[in-house]
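For the sequence shown, numbering that gives the first Met the number 0 begins at 0 and goes up steadily by one. Glycine included, every Cβ here is placed at the ideal spot set by N, Cα and C. See below for the structure under consideration.
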Amino acid sequence: MVSAQVTNLVIILGMMQVSKRVPFDNPDVLLGVRIAYAVSNLLILGVYLYVQSVINRKKDMTTLKYVEPATMGSGEEPRPVTTTVMEYDKQQLRQLMKSQMMGVGMMGVMHLYFQYTNPLLIQSILPLKGAFESNLVKIHLFGKPATGDLQRPFKAAAGFMNMGQGEIKSDKASIESAEKNYRGGVKEE
């Protein structure tokens, strides 16, 4: 199976070629691309709101324990986390929504302030693809079992944004070690 990064790269390169041939100086074409971008983001919001309603309906109160890695260079120790599956899913969904809103904000600045139009076309497709490939959507919308790669806590996707963090651990030894060693923000004098 082809990885998501490879398909994203193919889509970006293909859409860059397509966007060179789109007459953005025509107001009707520009309006159509803007509408496509808005519809794409509304569809993503709709999917996320539906996933949120499914999470709330399931009310999965299964206890979930894992060790959150310390950020690189912070000098902090890994932090043990005890939560429920429902709260974990809600937190992950909040991160997805926040990420989407930041993307819309950045696109708004690029398009409205700097007058870039080509990225509208690419950003009408990639975030939509990313939303349907997210773990929460796979579990709660498509009904896939939460096993393997979909097992909570989700493994962070390898990428530029996660370079400074370690891996989330959920094995018993790591949890016990972190619970024993974590000071909970107490400073030594």
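Option in the options with minimal Cα separation from residue i
i	options	result
V53	K171, L140, L149	L140
L63	Q150, V50, I34	Q150
T116	P22, V9, L8, L12	P22
K97	N55, M15, L48	L48
N55	T83, N134, S73, L30	T83
A145	H110, M106, I121, M85	M85
N7	E76, Q122, K57	Q122
Distance between beta carbons of residue j and residue i, contact taken as under 8 Å
i	j	result
V66	A177	4 Å
E132	A35	Actually they are not in contact, since the Cβ atoms of E132 and A35 sit about 20 Å apart, beyond 8 Å.
K128	K137	Going by Cβ atoms, the distance from K128 to K137 rounds to 13 Å, so no, they are not a contact pair.
L95	V32	That pair is no contact at about 24 Å.
P79	I174	6 Å
F153	Q91	7 Å
Extent of the continuous beta strand (DSSP E) to which residue i belongs
i	result
E67	62-67
R78	78-83
Same chain only: Cβ atoms within 8 Å of residue i, ignoring 5 sequence neighbours per side
i	result
P126	S39, N40, I43, Q99, G102
Alpha helix (DSSP H) segment containing residue i, residue limits
i	result
E175	171-180
S39	26-57
V5	3-20
F131	125-132
P118	117-121
Closer than 7 Å: residue i CB and nearest the ligand ZN heavy atom
i	result
K128	In terms of ligand content, the structure shown is empty, and the ligand ZN therefore cannot be addressed.
Nonlocal neighbours in the same chain, by C-beta distance under 7 Å from residue i, ignoring five residues either side
i	result
G74	none
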